[in-house]
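Report on the structure given below.
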Amino acid sequence: MDFDSFLASPRWEILQIIAKNPSSPVEIAKKLNTTVSYISQQLKLLDAAGIVKKQRTGAVEKGKPRILFSIFKDILYLTALSKGFSGKKLLYITEHHKSILKIWMLEDASLHYPMEKIFWKLEENLQELEGIFIETSANNSRLIIISDSKKLKLRIDAFAKKLEKKIECSFISKSQVKKFSSDSLVSLHDPNHLLNRLKGGHEAGNEND
1 MDFDSFLASP RWEILQIIAK NPSSPVEIAK KLNTTVSYIS QQLKLLDAAG IVKKQRTGAV
61 EKGKPRILFS IFKDILYLTA LSKGFSGKKL LYITEHHKSI LKIWMLEDAS LHYPMEKIFW
121 KLEENLQELE GIFIETSANN SRLIIISDSK KLKLRIDAFA KKLEKKIECS FISKSQVKKF
181 SSDSLVSLHD PNHLLNRLKG GHEAGNEND
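So that you can map any letter, position 173 of the sequence shown is 173 in my numbering, and since no number is skipped, the others follow by simple counting.
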């Protein structure tokens, strides 16, 4: 399959919508200002390609959709072009891949490698923390680490000081997460869905996202 053309508009816009929240053809059509029949046609193509899946919502309630579409599997369509090397590849990605990709999405490329190194160090100590986020509202992106472990803080602070690029790491308790908006945080590790509970989250209190 030629993903370059297959994931062109409007299918790409449809995927962006359902990546945020499972949606019905009616909801997608309203957001894209087009017809339900056209959206349904595009969803059938995406379903046949194994990119999306549909699920019935159970008992039909007035005003609620019968069928919702969501992303079937987490994928990455990678295009690489550099001196002496080029290639394209479709990959099925893990939670670790997604975390690294979110770091790569930061505008300041000089933050990528040092932030990756700290994240890898934190991965060795996941049992001592409840979440890892990047705060993107500040002038300089910083890591927000949800942990009450003073020993872990000392280890990470000492590790970060050895890096050539300074990365700010803020350790806070779970209760302090409430002072942030979900729009200002990017989740790297969030096993308890803390981000969804924040004001402005996709659906506060919904732990199924």
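Glycine is no exception: its CB is placed at the ideal position from the N, C-alpha and C atoms.
- The Cβ atoms of leucine 188 and valine 177 do not sit closer than 7 Å to each other.
- Just so you know, the alpha carbons of tyrosine 77 and lysine 166 end up roughly 31 Å apart.
- Here glutamine 42 has Pro10, Arg11 and Ile14 as same chain residues with Cβ atoms under 7 Å from its own Cβ, once five neighbours each way along the sequence are excluded.
- Linking phenylalanine 180 to tyrosine 113 through their CA atoms gives a straight-line distance of about 25 Å.
- According to DSSP, residue pairing for lysine 54 in a beta bridge involves Phe69.
- If the five residues before and after leucine 101 are omitted, its C-beta is found closer than 8 Å to the C-beta atoms of Leu76 and Ile93, all from its own chain and listed in chain order.
- Two segments are said to touch when three or more pairs of C-beta atoms, one from each, lie closer than 8 Å; by this definition the stretch 130 to 141 does not touch the stretch 155 to 164.
- Secondary structure in the stretch 126 to 169: the alpha helix (DSSP H) runs of 4 residues or longer, each lying completely within the stretch, are 150 to 161 in chain order.
- Between lysine 150 and the set Pro25, Leu163 and Ser173, the nearest pair of CA atoms involves Ser173.
- Distances from the CA of isoleucine 71 to each of Glu116, Ile28, Trp104 and Ile18 were compared; the closest alpha carbon is that of Ile18.
- Ranked by Cα distance from aspartate 74, the options Ser86, Met105 and Ser99 are led by Ser99.
- DSSP lists Phe133 as the bridge partner or partners of serine 187.
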